[in-house]
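Participant: Here it is: the structure, laid out below.
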Amino acid sequence: MPAHFDLLIRHGTCVLPWSVEATDVGVRNGRIAALGVAADATADATIDASGLHVLPGLIDPHVHLRDPGDKAVESIPTGTRAAVLGGLAAVFDMPNTSPSIVDAERLAWKQNYVERESWCDIGLYIGGTKQNIPELAKLELGRGVCGIKIFAGSSTGDLLVEDDEHLERVMRSGRRRIAYHSEDEYRLQERRPLFKSGDPHRRHMEWRDEETAFLGTRRLMALARATGRPAHILHVSTAEELDYLKDFRELATCEVLLNHLTQVAPDCYDTLKGFGVMNPPIRGPRHLEAAWRAINDGTVDTVGSDHAPHARDKKLLPWPDCPAGLTGVQTIGPLMLNHVNAGRLSLSRMVDLMCAGPARVYGVVGKGRLAAGYDADFTLVDMQRHRRIEESWIVSPCGWTPFAGMDVTGWPVAVVVRGRTVMREDEVLGSPIGRLVRFA
Ligand SMILES: [Zn+2]
């Protein structure tokens with residue numbers, strides 16, 4: 106009797122952990138049941154992936170969906186719609202909301218809320234504060250929690266643990282890898298009076314200079330070594346840090362943002378003004394080149410968007426009153442595919458950075474590779490498709506993208522989450538079926 110599946114993906118080119126090959130995929134009960142399926146197999150639904158590449162569902166491990174917060178800017182339902190339209194099957198959402206996710210009660214609220222409202226699967230960060238250090242060991246084991254996030258330098262929101270004494274206490278409470286925003290808060294505050302309101306936007310990278318980032322990372326690595334606590338340095342933005350971190354591989358993993366692989370200063374400030382302001386800042390060509398070298402020599406573990414929307418009118422304020430943070434959850438997939446087409450990395454390395462990488466760094470269970478028994482999460486991409494990124498395509502309520510007008514080659518045409526097609530050709534399908542991601 107021929108095998109029967111819930112879903113079959115036929116005629117696609119699959120990016121497997123061990124090779125890129127033409128093979129059919131059979132799905133049962135939301136999981137990958139077979140790689141390589143007989144011609145006579147039947148299924149309730151079949152996707153014809155002729156001419157398409159089948160990737161494991163892409164994961165963006167760094168988004169700020171601002172919920173609870175201002176729904177006119179972003180929310181869980183709108184931000185996860187944006188995610189699936191951009192080819193993502195899962196996102197990990199940051200805790201610096203209003204209020205922040207820092208205790209068991211707010212975590213319980215969010216766990217409940219995202220399983221009703223999310224269009225893709227979702228992991229949740231817990232914010233570390235000076236007050237909740239004693240609870241962190243328990244909180245980091247919560248359902249769907251991808252890890253503790255520490256702002257060692259200030260950005261959006263009120264989460265901050267800037268001094269070595271409290272950072273060390275955080276590292277000694279719990280075991281899982283901690284994700285850090287690494288900028289030295291003291292140097293940031295010390296340099297603030299050197300600049301004034303209305304200065305050109307490019308001052309942003311002078312205020313939050315290379316040494317601010319590098320000093321932050323040196324301090325964190327010294328403490329990580331002293332405590333033995335694994336660290337994930339988010340959005341590494343300098344050549345110096347990327348070199349330095351190579352000596353800490355036993356403890357540290359790191360992320361580079363799509364922006365730091367795509368945009369370059371000072372041009373971005375001259376053309377985008379406030380819409381080019383983010384933390385850590387977009388820097389000059391030397392750092393862009395270093396980021397690509399670190400992608401290609403394996404230093405970098407994950408790539409994220411740091412999707413961090415703000416209202417358009419706030420971004421139009423003079424520097425530095427314009428808040429830092431850029432939209433990106435909907436555009437990271439197309440832009441990474443465009444980088445692949447431009448020859449900057451292979452499609453396999455992109456999958457390593459956006460699927461296997463997040464799974465390895467955060468300890469995801471059952472996602473991140475195409476293999477039997479794993480969740481049936483797929484991103485189907487057309488590597489030949491040309492498109493222009495338009496603001497009219499952006500579904501985040503804030504309504505803007507720093508990449509408007511950019512022409513790209515390579516586009517996500519479908520997303521499947523645990524066997525259910527949630528996006529097909531710019532259309533979001535069904536109802537929100539997102540679940541909390543499972544972590545080891
Ligand atoms: Zn962020």
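Under our numbering, the first residue of the sequence shown is numbered 106, with each subsequent residue one higher. C-beta: ideal position from N, C-alpha, C; glycine also.
In the DSSP assignment, what residue or residues form a beta bridge with W516?
Facilitator: Sequence index remark: in the sequence shown, residue 516 carries index 411 (1-based). DSSP lists D487 as partners of W516.
Participant: According to DSSP, what are the bridge partners of R525?
Facilitator: For the purposes of this step, residue 525 is identified with residue 420 of the sequence shown, where counting begins at 1. Answer is V522, bridged to R525.
Participant: Determine contact between the region 145 to 152 and the region 165 to 183, defined as no fewer than three beta-carbon pairs at a distance below 8 Å.
Facilitator: Contact between the region 145 to 152 and the region 165 to 183 is absent, because fewer than three Cβ pairs lie under 8 Å.
Participant: Kindly identify the DSSP beta-bridge partner or partners of F110.
Facilitator: Along the sequence shown, read from residue 1 onward, the residue named residue 110 stands at position 5. BP columns for F110 point to A148.
Participant: Are the Cβ atoms of L339 and Y285 separated by less than 8 Å?
Facilitator: Taking the first residue of the sequence shown as 1, we reach residue 339 at position 234. Taking the first residue of the sequence shown as 1, we reach residue 285 at position 180. Yes, the Cβ-Cβ distance between L339 and Y285 is below 8 Å.
Participant: How about H158 and L366: are their beta carbons less than 8 Å apart?
Facilitator: Locating residue 158 in the sequence shown gives position 53, where the first residue counts as 1. Locating residue 366 in the sequence shown gives position 261, where the first residue counts as 1. Contact: no.
Participant: Could you give the distance in angstroms between the alpha-carbon of T436 and the alpha-carbon of M488?
Facilitator: Locating residue 436 in the sequence shown gives position 331, where the first residue counts as 1. Locating residue 488 in the sequence shown gives position 383, where the first residue counts as 1. Going from the Cα of T436 to the Cα of M488 covers about 15 Å.
Participant: Is D426 near ligand 1 - that is, is its Cβ less than 7 Å away from at least one heavy atom of it?
Facilitator: Looking up residue 426 in the sequence shown gives position 321. No.
Participant: Using beta-carbon positions only, say whether L362 and S410 come within less than 8 Å of one another.
Facilitator: Numbered from 1 along the sequence shown, position 257 holds the residue referred to as residue 362. Numbered from 1 along the sequence shown, position 305 holds the residue referred to as residue 410. Yes, Cβ-Cβ distance for L362 and S410 is below 8 Å.
Participant: Roughly how many angstroms lie between the CA atoms of D269 and R330, to the nearest whole one?
Facilitator: Translated into positions along the sequence shown, residue 269 becomes position 164. Translated into positions along the sequence shown, residue 330 becomes position 225. Taking the straight line joining both Cα atoms gives about 13 Å.
Participant: Report whether the distance from the Cβ of H309 to the nearest heavy atom of ligand 1 is below 7 Å.
Facilitator: On the sequence shown, residue 309 is found 204 positions in, with the first residue counted as 1. It does not: the Cβ of H309 is nowhere closer than 7 Å to a heavy atom of ligand 1.
Participant: Determine the contact status of V486 and V522, defining contact as a CB-CB distance below 8 Å.
Facilitator: The residue labelled residue 486 in the question sits at position 381 within the sequence shown. The residue labelled residue 522 in the question sits at position 417 within the sequence shown. No, they are not a contact pair.
Participant: Roughly how far, in whole angstroms, is the beta-carbon of T202 from the beta-carbon of V500, given that I think they are within contact range, below 8 Å?
Facilitator: Stepping through the sequence shown from its first residue, residue 202 is reached at position 97. Stepping through the sequence shown from its first residue, residue 500 is reached at position 395. Actually they do not touch by this definition, with Cβ atoms about 19 Å apart.
Participant: Closer than 7 Å by C-beta to R248: which residues in its own chain qualify, once you throw out the five before and the five after it? Chain order, please.
Facilitator: Your numbering for residue 248 matches position 143 in the sequence shown. Counting only Cβ-Cβ distances below 7 Å, and skipping sequence neighbours, we find Q216, L541.
Participant: Please list, in chain order, all residues of the same chain as F300 whose beta carbon is under 6 Å from its beta carbon, the five residues on each side excluded.
Facilitator: On the sequence shown, position 195 is the one that residue 300 refers to. The residues are R308, W312.
Participant: If you reduce the DSSP assignment to three classes, tell me which class Y291 lands in.
Facilitator: Looking up residue 291 in the sequence shown gives position 186. In the structure shown, Y291 sits in a helix (DSSP, three-state: H, G or I).
Participant: What does the alpha-carbon distance come out to for the pair L246 and R280?
Facilitator: Here the question's residue 246 lines up with position 141 in the sequence shown. Here the question's residue 280 lines up with position 175 in the sequence shown. Distance between the alpha carbons of L246 and R280 is about 10 Å.
Participant: Assign K351 to buried or exposed, taking buried as 16 or more other Cβ atoms, counted over all protein chains shown, within 10 Å of its Cβ.
Facilitator: Locating residue 351 in the sequence shown gives position 246, where the first residue counts as 1. The residue in question, K351, is exposed, as its Cβ has fewer than 16 Cβ neighbours within 10 Å.
Participant: What ranges does the alpha helix (DSSP H) occupy inside the region 163 to 207, keeping only unbroken runs of at least 4 residues that lie completely in it?
Facilitator: With a minimum length of 4 residues, the continuous alpha helix (DSSP H) runs that stay inside the region 163 to 207 are 181 to 190.
Participant: To the nearest angstrom, how far is it from the Cα of P335 to the Cα of C359?
Facilitator: The sequence position of residue 335 within the sequence shown is 230, counting from 1. The sequence position of residue 359 within the sequence shown is 254, counting from 1. The alpha-carbon atoms of P335 and C359 are separated by roughly 11 Å.
Participant: Is it buried or exposed, Q368, if we count other Cβ atoms within 10 angstroms and call 16 or more buried?
Facilitator: For the purposes of this step, residue 368 is taken as residue 263 along the sequence shown, with counting starting at 1. So Q368 ends up on the buried side.
Participant: Please list, in chain order, all residues with a C-beta atom less than 6 Å from at least one heavy atom of ligand 1.
Facilitator: Counting every residue whose Cβ lies closer than 6 Å to a heavy atom of ligand 1, we get H167, H169, M199, D411, A413.
Participant: Measure the Cβ-Cβ separation of Y467 and C251 and say whether it is below 8 Å.
Facilitator: Here residue 467 is taken as the residue at index 362 of the sequence shown, counted from 1. Here residue 251 is taken as the residue at index 146 of the sequence shown, counted from 1. Yes. Within cutoff.
Participant: Note down, in chain order, each residue of its chain lying with its Cβ closer than 7 Å to the Cβ of A154, except the 5 sequence neighbours on either side.
Facilitator: Here residue 154 corresponds to residue number 49 of the sequence shown, with the count starting at 1. Correct list, in chain order: I114, R115, H116, G117, L485.
Participant: Can you find the residues in the same chain that come closer than 6 Å, C-beta to C-beta, to A396, ignoring five residues on each side of it along the sequence?
Facilitator: Position 291 of the sequence shown, counted from the start, is the residue given in the question as residue 396. Taken in chain order, the residues that qualify are V361, H365, L366.
Participant: Would you identify the three-state DSSP class for R221, choosing helix, strand or coil?
Facilitator: Looking up residue 221 in the sequence shown gives position 116. In the structure shown, R221 sits in a helix (DSSP, three-state: H, G or I).
Participant: If we ignore side chains and look at the alpha-carbon of each, how far apart do H109 and G131 end up?
Facilitator: In the sequence shown, counting from the first residue as 1, residue 109 sits at position 4. In the sequence shown, counting from the first residue as 1, residue 131 sits at position 26. C-alpha separation (whole angstroms): 9 Å.
Participant: Taking P390 as part of the beta strand (DSSP E), name the residues at either end of that continuous run.
Facilitator: Position 285 of the sequence shown, counted from the first residue, corresponds to residue 390. P390 -> not in any beta strand (DSSP E); alpha helix (DSSP H) instead, spanning 390 to 401.
Participant: Going along the chain, which residues of its own chain have a beta-carbon closer than 6 Å to the beta-carbon of I253, five neighbours each way excluded?
Facilitator: On the sequence shown, residue 253 is found 148 positions in, with the first residue counted as 1. The residues are I231, G233, L241, E245, I283.
Participant: Since P386 and M310 should fall inside the 8 Å C-beta cutoff, what is the C-beta to C-beta distance between them, to a whole number of angstroms?
Facilitator: Sequence index remark: in the sequence shown, residue 386 carries index 281 (1-based). Sequence index remark: in the sequence shown, residue 310 carries index 205 (1-based). Confirmed, Cβ separation roughly 4 Å.
Participant: Roughly how many angstroms lie between the CA atoms of V513 and I137, to the nearest whole one?
Facilitator: Sequence index remark: in the sequence shown, residue 513 carries index 408 (1-based). Sequence index remark: in the sequence shown, residue 137 carries index 32 (1-based). C-alpha separation (whole angstroms): 31 Å.
Participant: Quick one: residues in its chain with C-beta nearer than 7 Å to the C-beta of R186, no 5 flanking neighbours on either side, listed in chain order?
Facilitator: Taking the sequence shown and counting its residues from 1, the one referred to as residue 186 is at position 81. Here the set comprises W224, V500, V533.
Participant: State the DSSP-derived secondary structure class of L140, mapped to helix, strand or coil.
Facilitator: Translated into positions along the sequence shown, residue 140 becomes position 35. Here L140 sits in strand by DSSP.
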